[in-house]
Amino acid sequence: VIIVAVFHEDGILTVYDFENELIEFEAINENLKQRNQKLRLEIDALKSNPLSIEILAREKLNMVGPDETVYQIIPLEKNTFSQTEN
Numbered sequence: 167v168i169i170v171a172v173f174h175e176d177g178i179l180t181v182y183d184f185e186n187e188l189i190e191f192e193a194i195n196e197n198l199k200q201r202n203q204k205l206r207l208e209i210d211a212l213k214s215n216p217l218s219i220e221i222l223a224r225e226k227l228n229m230v231g232p233d234e235t236v237y238q239i240i241p242l243e244k245n246t247f248s249q250t251e252n
């Protein structure tokens, strides 16, 4: 009877496994709730604040304003110039 209670498909071990899975899923669910809340705040900011849209466009899409000029500085490689001895 004890063996059946422990090892049966509805036994204690199965219940224990389900409880562990439940704990994992609850943690995942909580993380997703927090992420959703963060995304909702970002959406609200984008809807209500034009500056938020500009910041996002600059940071994520590398966009610039129509009256701005972009200068890109490319570092020289160390061995580009070699010194010659005379």
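Note that the working numbering numbers the sequence shown so that position 24 is 190, with each residue one more than the last.
Each residue gets a CB set at the ideal place from its N, CA and C atoms; glycine is no exception.
Through-space distance from residue j to residue i, alpha-carbon basis
i	j	result
Gln203	Ile239	39 Å
Leu207	Phe191	24 Å
Asn197	Ile189	13 Å
Glu243	Tyr237	19 Å
Lys226	Glu220	10 Å
Asn228	Glu187	42 Å
Thr235	Asn215	25 Å
Glu185	Gln200	23 Å
Ile209	Asn195	21 Å
Leu205	Thr180	37 Å
Leu212	Ala223	11 Å
Ala193	Tyr182	17 Å
Ile178	Ser218	53 Å
Inside the region 178 to 216 only - alpha helix (DSSP H) runs reaching at least 4 residues: 178 to 214
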